[in-house]
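In the UniProt record's numbering, the protein residues as written are 1 to 334. Positions of the beta carbon are idealized from the N, C-alpha and C atoms, including for glycine. Just so we're clear, the structure is a prediction, and the values are computed from it rather than from any experiment. Here's the structure, in structure tokens; my notes come after.
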Amino acid sequence: MSVYTQLTEQEFRDFLSLYDEGELVNWQGIEAGIENTNYFVNTRHPAKGDQQFVLTIFEYLPKEKLPFFIRFMELLAKSGLPVPAPVHGRDDLSLKELKGKPCMLQPRLDGNHIEADDLTVEQCRLIGDSLARVHVAGQKASFTQDNFRGMDWIGMQVSRLSTLLPEDERKLQAEQWQAITAEFNDETDLPRGLIHADLFVDNVLFHKGKVSGIIDFFQSCEDWLLYDVAVTVNDWCLKSGSLELAPQRTEALLQAYAAVRPFTDEEHRLWPLIHRLACLRFWISRAITYTYPDHVLDSSDPHDDSVLRHFKDPAKFRDMLRLRTANSSSLVLP
Ligand SMILES: Nc1ncnc2c1ncn2[C@@H]1O[C@H](COP(=O)(O)OP(=O)(O)O)[C@@H](O)[C@H]1O
Ligand SMILES: N[C@@H](CCOP(=O)(O)O)C(=O)O
């Protein structure tokens, strides 16, 4: 469970007084998530009735990065996607502060998470369609933000980790980074746009056979659209208990995506390699969170047992990187 910032009842009440969303009924810390503190917060309003929200407190993201996420979420919600547009306070602003940390209130969307192993081919199809719609809607944006975990960041982490990793892992990262930077650079002719950048299964809710919630936009940014597709496929389309891609799931996701936004020739060519970029990125971010937590959680002491958190296994993406490299000829876009 990841609840880094604990709040008292009075602090919840004071916070809610900044909004016209009613009085506090109750709250509960949310177990999922590793980077931010999240609470379910229920209120009762004399006219609006019972309401359900999610309060997100940003533990390490700098305040200046947040307006982009808010604008992107608002744009997607306005485009008809099931994205929780942040709630505006009495001052008409959605970005607030609690205990010196930026925070915001979002509507709690209906639906449930599905365990990756239980996903159906239909759910993979639905998320392929939704992802393409996110990308198409993002093309309308007049605002942007760089990927703070993009190529520059990955390059920096590869050098930082080189003195800390075992020799075989250091060698693997160095070789992969060389292959990746040879193709992915300023001359790369891949379509770019606003991407979610973390569309893992646990960032989507399903309700009544539909995608009812796309959440956690706090890695979103401008980058290669195909990178977002690779990140998504690598979490949604695995065979049960394996890191191999399940052909039916993969095909369903990619075909549904391509029906909304067809892939370009350059995207077809670079599909096998962009998988390796996606794997390397999450291997590194997990290694940093898991093995070297000080590097990530600048604003809280990683050895402080009073905070509740959970970690994700970096080795999964190291092994997936090896597998995608070995099987690269089987990675084909429709
Ligand atoms: N708007 C929302 N509606 C419903 N549930 C939400 C919403 N936002 C977050 N959650 C719940 O909170 C959990 C953690 O949120 P998330 O944004 O993924 O946190 P983190 O950024 O720390 O990973 C999600 O897995 C989901 O269960
Ligand atoms: N999906 C990432 C973790 C990103 O962190 P989150 O707290 O924003 O979900 C992974 O699985 O490594």
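With the rule of 3 Cβ pairs closer than 8 Å, the stretch 240-252 does not count as touching the stretch 207-222. Going by beta carbons, Gly150 and Trp177 fall outside the 8 Å limit. For Leu165, the secondary structure class from DSSP, reduced to helix, strand or coil, is coil. With a threshold of 7 Å, the Cβ atom of Phe58 does not count as near ligand 2, since no heavy atom of the ligand is closer than that. In the three-state reduction of the DSSP assignment, Ser79 falls in the coil class, being assigned neither a helical nor a strand state. The three-state reading of DSSP puts Leu238 in strand, counting E and B together. Across the set His113, Glu35 and Phe12, the C-alpha of Phe12 shows the shortest separation from the C-alpha of Asn26.
The shortest C-alpha to C-alpha distance from Pro247 to any of Thr37, Glu64, Cys124 and Lys65 is the one to Cys124. Gln219 sits in coil when the DSSP states are folded into three classes, being neither helix nor strand. Look at Pro107 here: in three-state DSSP terms it is strand. Residue nearest to Gln28 within the set Arg249, Asp50, Val3 and Gly22 is Val3 (criterion: CA-CA distance). Remark: the C-beta of Ile34 is in contact range of ligand 2, defined as less than 7 Å to any heavy atom. Residue pairing by DSSP places Lys101 opposite Leu98 in a beta bridge. In the displayed model, Asp20 falls within coil according to three-state DSSP, outside both helix and strand.
Set against 7 Å, the gap from the CB of Lys65 to the closest heavy atom of ligand 2 is not smaller. Between Gly100 and the set His88, Ile57, Asp129 and His196, the nearest pair of CA atoms involves Ile57. Rounded to the nearest angstrom, the Cβ distance from Val260 to Ala132 is 4 Å, consistent with a contact under 8 Å. With contact defined as three or more Cβ pairs closer than 8 Å, the stretch 220-233 and the stretch 87-100 are not in contact.
In this structure, Ile30 lies away from Asn42, with their beta-carbon atoms at least 8 Å apart. The beta carbon of Leu18 sits closer than 8 Å to the beta carbons of Gly89, Arg90, Asp91 and Lys96 from its chain, once the five residues preceding and following it are set aside; these are given in chain order. The Cβ atoms of Ser220 and Phe72 lie closer than 8 Å to each other. Where His45 is concerned, the enclosing beta strand (DSSP E) starts and stops at Thr37 to His45. Arg276 is not a Cβ neighbour of Leu238, given a cutoff of 8 Å. Closest option to Phe282, judged by alpha-carbon separation, among Trp153, Val332 and Cys103: Trp153. Our two residues, Leu76 and His268, have alpha carbons roughly 27 Å apart in a direct line. Annotation for Ala85: Met73, Glu74 and Ala77 place their beta carbon closer than 7 Å to its own, counting only its chain and skipping 5 residues before and after.
For the 8 Å CB-CB criterion, Tyr60 and Glu35 form a contact. For His207, the number of other beta carbons within 10 angstroms of its own is below 16, and it is reported as exposed. Scanning its chain for C-beta atoms nearer than 6 Å, with the 5 sequence neighbours on each side dropped, one finds no residue around Lys210. With 16 or more neighbouring CB atoms inside 10 Å of its own CB, Leu7 falls in the buried class. By alpha-carbon distance to Glu222, the top candidate from Gln139, Arg286, Thr232 and Thr188 is Gln139. Residue side-chain check: Asp198 places its Cβ nearer than 7 Å to a non-hydrogen atom of ligand 2.
Distance from the C-beta of Lys101 to the nearest heavy atom of ligand 2 is not below 7 Å.
Listed as beta-bridge partners of Gln28 by DSSP are Phe40. In the same chain as Phe68, and ignoring 5 residues on each side of it, the C-beta atoms closer than 7 Å to its own belong to Phe143 and Gln145, in chain order.
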